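Data block below; observations after.
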Amino acid sequence: MKSPLHIPVLKNEVINHLKIKPEGIYLDCTLGAGGHAEEILKKLNSSGLLIGLDADETTLKPTHTRFSVFKNSQFSLHHANFLHFPDILNKLNIKKVNGMILDLGLSSMELDQKDRGFSFQNIGPLDMRFNKKNSQTASELLNNISLIDLKKVVKLYGEEKNYSKIAQSIKQYVKKDKMKTTLDLKQAILAVIPIKKSNKTLARVFQSIRIAVNDELNILSKTLVNITNFLKKNGRVVIISYHSLEDRIVKQFFLKHSKVCVCPREIPICVCKKDPTFRLISRKPILPNDVEVLSNRKSRSAKMRVVEKT
Ligand SMILES: C[S@@+](CC[C@H](N)C(=O)[O-])C[C@H]1O[C@@H](n2cnc3c(N)ncnc32)[C@H](O)[C@@H]1O
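Heads up: the sequence shown begins at 2 in our numbering, then just goes up one per residue.
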């Protein structure tokens, strides 16, 4: 059965905050089904360009077809990890863009496809790679990782307090050669946690392993550092995160680079003469309203942050 199309989260808020110029160049680092990108394309004229990247090659063809109503010259889609966005821009001979969006995490299509192994609600191979060309699946990671490191993964990336018991149980299943499918992982977790809290714990542990398989937090941090060099003056960056670990990285990066003065408090007059890189567009994250959360449950954990290049 075909998975339903991903519904773009905070669609209007993304488009309003990007302040799209019809002739501008925009980079969608997490193209997915192209929901946000399509809205950007609708605002561009024939000189404008939308560049879309996705680490998951399977998203590109259907999204390309979705964009067939637009001129071919208005969009350029690439199978790439957003970590490598500077290489793609270099290849296209583009020095700077007018705006960027990162809508982090995974799409509904990826979550719902059994053979991708992202969801504890489906039975499938324990894969969890965004990019199927990457070497290590979740099953391989769990087979190779030490108990100490697995405890760290579940504790830090899953923010799960029963991390020790869960990691031990997973390693016992590995020893019995039973860590190949999402059901194996689910059973290893359920063996040691109270059934009452099972869905939340399953979600947290699956998330932690997905983050480790795709090295998501390191890649996000490294990508943010590059963003400043490729953004035009007054260009905007919009980032939507779906868990506190990602949001913390984005928030701290934006705050650090939008500080006007970094002199110690004891110094009454500024000596650092720091020019901030960004202007914060909103101090607090922008959240979906109740109507959106009711119509799209997957939006409920979204937090959007926006900055503008000074
Ligand atoms: C939440 S979905 C984006 C949905 C999209 N905004 C839309 O409206 O359809 C996130 C997408 O980012 C991709 N992705 C996740 N991490 C990535 C990375 N490091 N580089 C490139 N794409 C990534 C996933 O494969 C997924 O397709």
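For every residue, glycine included, the Cβ atom is placed at its ideal position computed from N, Cα and C.
All of these numbers come straight from a predicted model, not from anything done at the bench.
- The stretch 245-260 and the stretch 289-309 touch, with no fewer than 3 CB-CB distances between them shorter than 8 Å.
- Rounded to whole angstroms, the gap between the alpha carbons of Ser170 and Glu24 is 56 Å.
- In the pairwise beta carbon analysis, the stretch 206-214 is classified as touching the stretch 128-148: at least three pairs are separated by under 8 Å.
- Per the coordinates, the alpha-carbon of Ser222 lies some 32 Å from the alpha-carbon of Ser296.
- The stretch 45-59 and the stretch 13-31 touch, with three or more beta-carbon pairs separated by less than 8 Å.
- C-alpha of Leu19 to C-alpha of Ala192: approximately 47 Å in a straight line.
- Nearest neighbour of His258 by Cα position, chosen from Ile228, Glu267, Lys285, Ile287, turns out to be Ile228.
- Residue environment analysis places Val98 among the buried positions, since at least 16 neighbouring C-beta atoms fall within 10 angstroms of its C-beta.
- Here Glu309 is bridged, per DSSP, to Arg237, Arg280.
- Excluding the 5 residues flanking it on each side, Leu281 has same chain C-beta neighbours closer than 7 Å at Phe255, Ser259, Val308, in chain order.
- In the DSSP assignment, Asp88 falls outside any beta strand (DSSP E) and lies within the alpha helix (DSSP H) extending over 86-92.
- Separation of the CB atoms of Tyr158 and Gln208 is rounded to 7 Å, and the pair is thereby assigned contact status at 8 Å.
- Within 6 Å of the C-beta of Asn46 there is not a single heavy atom belonging to ligand 1.
- If you ignore the 5 residues before and after Gly100, its C-beta comes within less than 6 Å of the C-beta of Leu19, Tyr27, Gly236, Arg237, all in its own chain and listed in chain order.
- Closest option to Asn123, judged by alpha-carbon separation, among Asp113, Lys166, Met129: Asp113.
- Unbroken alpha helix (DSSP H) stretches of 4 residues or longer found wholly inside the stretch 37-73: 61-67, given in chain order.
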